[in-house]
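So in UniProt numbering, spot 115 of the sequence shown is number 115, and the numbers just go up one at a time.
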Amino acid sequence: MATIPLTKYGAEKLKEELHRLKSVERHAVIQAIAEARAQGDLSENAEYEAAKDKQGFIEGRILEIEGKLAAAQIIDPAAVDAGGRIVFGTTVDLEEESSGAEVTYQIVGDDEADLKLGKISISSPIARALIGKEAGDVAEVQAPGGVKRYEVVEVRYV
């Protein structure tokens, strides 16, 4: 199994979700199944079916998270020193050349990506274009509206 890159923060979030699923959600769905069973005929019991479906989802998610954590390569961006180059975990300030708009992104694992929080997936086109660049370099990204050019303003390991 290939390793899955995760930031230290992303790994902690997955561990928190795993703990919640095992200690809270799992017990709640078992209770819901017991209550639905107490209602009698299971063949036409919508509550029972819904609880069983939820149980299947929870157990599947637990297995998925455990697998990801087992295969995780946890990277602490603050401990990375790539000599000013953009690597996984890097926070980068960019300026779009055509509009002058400034954006800040952190390159993270697929499970951590959240554009609203400025976190982009390592497998996204913009992250792939940025990897290996330094401050002052220009990255060209193929976007749906055409090629966009971003100048790397600053590279930070935080």
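Backbone N, C-alpha and C define an ideal beta-carbon position, used for all residues, glycine too.
This one's a predicted model, so the numbers in the text were calculated from it and none came from an experiment.
Buried or exposed: where does residue 212 fall if 16 or more other Cβ atoms within 10 Å of its Cβ makes it buried? Only positions 1 to 158 of the chain appear in the structure, and residue 212 is not among them; the question remains open.
Looking at the unbroken alpha helix (DSSP H) that takes in G60, where does it start and where does it end? A46 to A70
Using 10 angstroms around the beta-carbon of L130, count the other beta-carbons present and answer buried if the total reaches 16, otherwise exposed. buried
Which stretch, first to last residue, makes up the beta strand (DSSP E) that contains A11? A11 -> not in any beta strand (DSSP E); alpha helix (DSSP H) instead, spanning K8 to R20.
Considering only the alpha carbon of each residue, which of E44, K54 and L69 lies closest to E17? L69
Backbone CA spacing between V103 and A139 [nearest angstrom]: 14 Å
Contacts around E25, its chain only, beta-carbon distance under 7 Å, and the 5 residues preceding and following it disregarded: I58
Assuming E35 is part of the alpha helix (DSSP H), what are its boundary residues? R26 to R37
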